Amino acid sequence: MGTALHEVGRLARPQGALGWAPALTVAVFVVPIGAGLAGTIAPAFGYLPAIGGSELTLAPWKALFAYPGFVSSLTLTLFTALLATLASIVIALGSCAFLHGSRLQRRLGALIAPLLAMPHAALAIGFAFVILPSGWIARALTPWLTGWSVPPDVLTVGHPSGLPIVGSLLLKEVPYLILMTLGALNQVPAGMHLRIAQSLGYDCVAAWFKVVLPQVYPQIRLPVYAVLSFSLSVVDVALILGPSNPPTLAVLAVRWFADPDTSRYFQAAAAAVLLLVLVAAAIALWFGMEILLARLGRRWIERGARLSPALPAATIATSVLAALFALAVAAIVGLALWSFAQAWRFPAALPQSLTLGNWERQSTSLLKPALTTLGVGVAATVIALALTLACLEHEAHLSARRSARARGAQVLWLLYLPLLVPQVAFLFGTQVLLVRMGFDATLLAVIWAHLIFVLPYMFLSLADPWRAFDARYARSALALGSPPWRVLLRVKLPILLKPLLIACAVAFAVSVGQYLPTLFAGSGRVATLTTEAVTLSGGADRRVIGTWALLQAVLPWLGYLLAAFVPAVLYSRRRTLTS
Amino acid sequence: MKREQEALPRRETVAAESLQLRQVTIAIAGRALFAPLDITIASGECVTLMGPSGSGKSTLLNFIAGTLDPAFTPSGAVAIGAEPLDGLPPERRRVGILFQDDLLFPHLSVAGNLAFALPAHVRGRARRRWRIESALVEAELPGFAERDPATLSGGQRARVALMRTLLAEPRALLLDEPFNRLDAQLRGDFRAFVIGHARERGLPILLVTHDEADAVAIGGRVIRLG
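Protein sequences appear in the order of chains S and R.
Numbering-wise (the numbering used here), the first sequence opens with residue 1 and increments by one.
Numbering-wise (the numbering used here), the second sequence opens with residue 1001 and increments by one.
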């Protein structure tokens, strides 16, 4: 889409049979975001005729600032988001530097894949099961260390500091940033540059920070901003693990939007717009820090000091990564055990007995939301795949004549738009539009809302392998007399099957994890595993929550497993297509 | 005036020590790549190592530099002067290496690349700056300090890469086919430039090449592998 988007940008006439693809693809996610933002900003200034707001006023802002918990909510939001983002990037970069060139680095991608696939909500619920006063950590230390016979009356989940939110965000954001960094490392001659730096007297971690990171960072900048924006505006994790009074700003906005008293809608919109401003300000601040750090870093590099604190710092970061990994495994295993537990009284470290009873009792209520989750996920994935393939094929067609990829990078930010704009800031406005069109609470609306987030991931996963495809294969097939559609179906798609299936698995996982888009486009009436799991996490029996959250996590894993096994089986005797 | 003399860079880095290989051989999957080697390269001497691809030339350089892939099993000993290198991490060996690609860091200016290599014991902004400027003069590139390496020609980049290696005050120089990328005219000039500067500093030089012309032009000992 990159190049082709550029064409649209310059109002050039689209060329070829697929000329419509880039414009349509961009419209699919830019139109709802743009319209949604307008539909949120207007009520933030009092304008929403449908519920009696007909003139511009600052009253919604006054109501927002007058809310008794406003300052705590704002502080909580900023503290959790900035700490989570800063810690994620330090841990991710430190681990990448420490593990560079090791055997573990080659397996790192496979190790973090299950975490990347797992929905935020499921992981947050599993994390809660670990850190609750009656959770696994307390059980492991009781009674031999603590002497407790009943769970202590302390607040862990819901602690006003918001630290549990930070912990849960780290479990997802660190793997995400590691994945992005590993991808970016493939684009630079990191190995040879490190060897040179080592021959000049630098240890490999210091060399990584001085020589590799400055080349890699520009490529992970947008993912870092996406993490920053997500941390500021996340709703499901903050609902599950955050304090309830006052909650984070995003949760506050959602709560007011859902209030039966429609006059709250205006201050909800103001809170959502404030979040948008916070995200923009945080990104601007981060960008300023980057420039400052780059300048200081250059001085550090040019001073020539061979001794540096980089190695011990990276060692600590890698230990934290290992601890996070252990926590994540505990969260997942804990979910699974609870879903099969018959009785699991405090302080037993393991269930007294296992049963299929929880699953049998939940099966009827699980079935419909599970099918909805599957159906919406598959539909969004298939549509995103079709649009992405059309864009990439159009681009391949164009770049046969022009060197196109450099210009594609200029519009990369457009793809990141859905990941940079906070969800709350445009979903509200989108919902108003959907209601007006009588289109809300339909499966189609939910699929479209998912598509906004599925499309960028699909495109970002598929673009690199697609662009790396050796066009001479296609040219040879054409020269052998195959029409273009046959070349695509019989040559290109089969060769690119593995990256294509992986992109589909990523897209499907993104869809399964969507909470807020499902809630808003579905007007709260389309139930998926995610929406139900988040609702249940408020107070249901842990054995019940366990079944919902585990099933929510299992669906994306099945997608990843399929993506790994289908090419392995189909091409078991074709080494170049499976490695 | 005294300061100028004190800052004169090169004399203080003369190594005047030999590079010694004792019974060195490298095996992969139980198969030795070459018969055990015994070589002593004197200070300022250049030994040329020749052989077909796969004969283990570059692998031997990796072994000396300390960056051997763990798939290989080395045996034998390497030392510079009286100090054995075995077991030292690559960054502590002070063995300079030049590859076929110049590998200048694209995020740093020409001066930045050289400052990265210049040891921290050269203190003070002015003094470091002066060392870098004089290295650029030696490389016949005065006034190139603030240039982006990408704007330099192949020959200019190669000379900066050599200066970067020498500024780190190595005790030996390994050359992994560094002349291959250059065309015939530049090749001879750069070869003379590299060997000249390394000899001036008294470095033992081990050159890996598959071009007989290199060996003939340098005129030192030639060892054939495989």
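Ideal placement from N, C-alpha and C gives every residue a C-beta, glycine not left out.
On a predicted model such as this, the values are computed, not experimentally measured, just so you know.
Notebook entry, point to check: Checking contacts by CB at 7 angstroms: is residue 1096 of chain R closer than that to chain S?
Noted result: yes
Item checked: Residues near residue 566 of chain S in its chain [Cβ-Cβ closer than 8 angstroms; skip 5 each side] -> 497 and 501
Notebook entry, point to check: For the stretch 181-198 of chain S, which residues have a beta carbon sitting closer than 8 angstroms to at least one beta carbon of chain R?
Noted result: 189, 192, 193, 195, 196, 197 and 198
Next item on the list: Indicate the three-state DSSP secondary structure (helix, strand or coil) for residue 1112 of chain R in the structure shown.
Entry: helix
Margin query: Counting only C-beta atoms, is residue 1116 of chain R closer than 7 angstroms to chain C at any point?
Written below: Among the protein chains of the structure shown, namely S and R, there is no chain C.
Note to self: To the nearest angstrom, how far is the alpha carbon of residue 272 of chain S from that of residue 377 of chain S?
What the structure shows: 27 angstroms
Notebook entry, point to check: Which stretch, first to last residue, makes up the beta strand (DSSP E) that contains residue 1097 of chain R?
Noted result: 1095-1098
Next item on the list: Report the neighbours of residue 214 of chain S on chain R: residues whose CB is nearer than 7 angstroms to its CB, in chain order.
Entry: 1107
Check: Using a beta-carbon distance below 7 angstroms, is residue 291 of chain S in contact with chain R?
Finding: no
Note to self: Within 10 Å of its beta-carbon, does residue 573 of chain S have 16 or more other beta-carbons around it, so buried, or fewer, so exposed?
What the structure shows: exposed
Next item on the list: To the nearest angstrom, report how far apart residue 70 of chain S and residue 77 of chain S are at their CA atoms.
Entry: 10 angstroms
Next item on the list: Have a look at the DSSP bridge pairing and note the partners of residue 355 of chain S.
Entry: Answer by DSSP bridge pairing: none, since residue 355 of chain S is not bridged.
Notebook entry, point to check: So what does residue 1072 of chain R bridge to, in DSSP terms?
Noted result: R/1028
Notebook entry, point to check: What does a CB cutoff of less than 8 angstroms around residue 153 of chain S pick up in its chain, not counting 5 residues either side in sequence?
Noted result: 133
Check: So what's residue 1141 of chain R in DSSP terms, helix, strand or just coil?
Finding: coil
Note to self: Can you tell me whether residue 17 of chain S is buried or exposed? The criterion is at least 16 other CB atoms within 10 Å of its CB, across all chains shown.
What the structure shows: exposed
Note to self: Do residue 246 of chain S and residue 72 of chain S have their beta-carbon atoms positioned less than 7 angstroms apart in this structure?
What the structure shows: yes
Notebook entry, point to check: Could one say the Cβ of residue 1065 of chain R lies closer than 7 angstroms to chain S's Cβ atoms, at least one of them?
Noted result: yes
Margin query: Residues of chain R with CB closer than 8 angstroms to the CB of residue 202 of chain S, please, in chain order.
Written below: 1091
Checklist line | Euclidean distance between Cα positions of residue 1160 of chain R and residue 1148 of chain R | finding: 12 angstroms
Notebook entry, point to check: Taking 7 angstroms as the CB-CB limit, is residue 1124 of chain R close to chain S?
Noted result: no
Item checked: Bounding residues of the beta strand (DSSP E) (the contiguous stretch that carries residue 1040 of chain R) -> 1037-1041
Checklist line | Listed by chain order, chain R residues near residue 313 of chain S by CB distance under 8 angstroms | finding: Within 8 angstroms Cβ-Cβ: nothing; residue 313 of chain S doesn't reach chain R, min ~17 angstroms.
Note to self: At the 7 angstroms Cβ level, is residue 1168 of chain R part of the contact set with chain S, yes or no?
What the structure shows: yes
Margin query: Taking only three categories from DSSP, how would you classify residue 297 of chain S?
Written below: helix
Item checked: Nearest-angstrom Cβ-Cβ length linking residue 416 of chain S and residue 456 of chain S, presumed shorter than 8 angstroms -> 7 angstroms
Note to self: Three or more C-beta pairs under 8 angstroms: does that hold for the stretch 513-530 of chain S against the stretch 363-372 of chain S?
What the structure shows: yes
Check: Of all Cβ atoms in chain S, is any one closer than 7 angstroms to the Cβ of residue 1119 of chain R?
Finding: yes
Note to self: Assuming contact is defined by CB atoms lying nearer than 7 angstroms, are residue 1173 of chain R and residue 1066 of chain R in contact in what I supplied?
What the structure shows: no
Notebook entry, point to check: With distances taken between CB atoms, is the gap from residue 99 of chain S to residue 339 of chain S smaller than 7 angstroms?
Noted result: no
Notebook entry, point to check: Mapping DSSP to helix, strand and coil, what is residue 1206 of chain R?
Noted result: strand
Notebook entry, point to check: Below 8 angstroms, can you find three or more Cβ-Cβ pairs linking the stretch 502-522 of chain S to the stretch 450-466 of chain S?
Noted result: yes
Notebook entry, point to check: In three-state DSSP terms, what is residue 362 of chain S?
Noted result: helix
Note to self: Just to confirm, is the Cβ distance from residue 117 of chain S to residue 556 of chain S under 7 angstroms?
What the structure shows: yes
Notebook entry, point to check: In the DSSP assignment, what residue or residues form a beta bridge with residue 341 of chain S?
Noted result: S/354
Next item on the list: Apply the 10 Å Cβ neighbour rule to residue 624 of chain S and answer buried if 16 or more other Cβ atoms are within range, or exposed otherwise.
Entry: Outside the modelled stretch of chain S, which goes from 1 to 579, sits residue 624 of chain S, for which no answer is possible.
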